[in-house]
Amino acid sequence: MPRHVHLDRSAPSRPPSGGAEPVAPPIAHARFTIGDVVRHRMFDFRGVIFDIDPVFANTDEWYDAIPEGIRPRKDQPFYHLLAENIESSYVAYVSQQNLVPDDSDEPIDHPAIPGLFTGFADGRYRLRDEHRH
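Residue numbers for the sequence shown follow the numbering used here, beginning at 435 and rising by one.
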């Protein structure tokens with residue numbers, strides 16, 4: 435179900451036996467939100483965000499298929515996009531480091547958009563009320 439994610443894992447974790455000082459885990463902040471239109475930094479496609487994972491949540495097989503030289507870190511938000519390029523529309527899973535805002539102010543041409551969003555204004559989509567929580 436689509437959602438806006440702001441993960442703050444700044445609460446210190448405590449070792450089970452006491453002893454050592456607490457260590458704060460990393461903090462992941464989503465730069466984008468559901469409905470934002472974004473563009474891939476390296477590849478020629480753009481899309482609208484419909485879901486956000488606070489950290490990598492796909493399969494190891496999917497991750498290992500990315501060439502090592504361009505493989506993104508797993509400890510960052512990953513975005514589910516209704517994406518398009520000049521050939522087709524599809525669903526993409528993209529790391530935050532590989533996304534930039536799309537400033538074209540053009541809508542995305544994807545058949546799933548009407549089921550998730552209503553209206554396109556000011557470069558972003560509005561999530562349908564039934565998908566909000």
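Using N, Cα and C, we set each Cβ at its ideal position, and we do this for glycine too.
Check, Outcome
"Where R562 and I468 are concerned, what is the direct C-alpha to C-alpha distance, given to the nearest angstrom?", "11 Å"
"Tell me which residues share the same chain as R480 and place their Cβ nearer than 6 Å to its Cβ, disregarding the 5 neighbours each side in the sequence.", "R473, D536"
"Look at P548 and Q530 and say whether their C-beta atoms are less than 8 Å apart.", "no"
"Apart from the five residues on each side of it in sequence, which residues of its chain come closer than 6 Å, Cβ to Cβ, to F490?", "K508, F512"
"Since G549 is in the alpha helix (DSSP H), which residue starts that stretch and which ends it?", "547-550"
"DSSP beta-bridge partners for H514?", "D485, Y527"
"For H463, name the three-state secondary structure that DSSP assigns.", "coil"
"So, using beta-carbon positions, are E518 and I542 closer together than 8 Å?", "yes"
"By the 10 Å Cβ neighbour count, where 16 or more other Cβ atoms means buried, how is V534 classified, buried or exposed?", "exposed"
"Provide the residue span of the beta strand (DSSP E) that contains R560, from first to last.", "558-561"
"Quick one: Cα of I500 to Cα of E564, how far?", "35 Å"
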